[in-house]
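What follows is one structure encoded as structure tokens, with my remarks underneath.
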Amino acid sequence: MRDLVAQRKSAHVVAIVALLGLTPKACVPAGGTPGSHSQTIHSCSPSYTDENKLGRLSVQQKGPGTSIQWGAYPKLPAEKYIVGIYIGDQKIDGKNQSYAPHGSLPARVRDKRGRSVRTYKTGQVFKLAGTSYDANGGVVQKFFIKCRLV
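Heads up: the sequence shown runs through residues 25 to 174, numbered per my numbering.
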């Protein structure tokens, strides 16, 4: 795989990491959380961009305490996408759908008592980990991205 290059964009954070190929071992280490084997964690803000010939993943965060937008943009055709969204090691959202997954997380949510609480803390790691499947249920590719929230 070729080295990926970071690019800066002024308006939003765009963190894009390579979609990795056909073998699960390409992106998920044994016994580890997807993306946890990398020692470098880029900031989700102001921007970070990586891409390869298989597609791209993006995470956007305008600044401290703002909502988070994310999306997967694969170039290989697939029938189904399953994605998990994590803050730290806690899964907080997921998708199981027939089109390229994307979504957002609010900066704040209401707890059981109706109080507004933050969705994440500055410094936590955002992770997206997913798999795309063909019509027969075979894995097309596995992918992940992670970045540090501000």
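Note that CB positions come from ideal geometry on N, CA and C, so glycine has one too.
- In this structure, the CA atom of Tyr110 is about 20 Å from the CA atom of Ser140.
- Annotation note: the region 71–118 contains the following uninterrupted beta strand (DSSP E) runs of length 3 or greater, listed N- to C-terminal: 79–85, 92–98 and 104–111.
- Bounds of the beta strand (DSSP E) holding Tyr157 are Val149 to Tyr157.
- Taking each of Gly87, Val83 and Pro88 in turn and checking the Cα distance to Ala96, the smallest one comes out for Val83.
- Scanning its chain for C-beta atoms nearer than 7 Å, with the 5 sequence neighbours on each side dropped, one finds around Gly112 the residues Gln148 and Val149, in chain order.
- With contact defined as three or more Cβ pairs closer than 8 Å, the region 156–169 and the region 126–140 are not in contact.
- The continuous beta strand (DSSP E) containing Gly127 extends over residues His126 to Leu129.
- Membership of Arg134 in the beta strand (DSSP E) is indicated by the continuous run Arg132 to Arg134.
- Judged by DSSP secondary structure, Gln165 falls within the beta strand (DSSP E) whose first and last residues are Val163 to Arg172.
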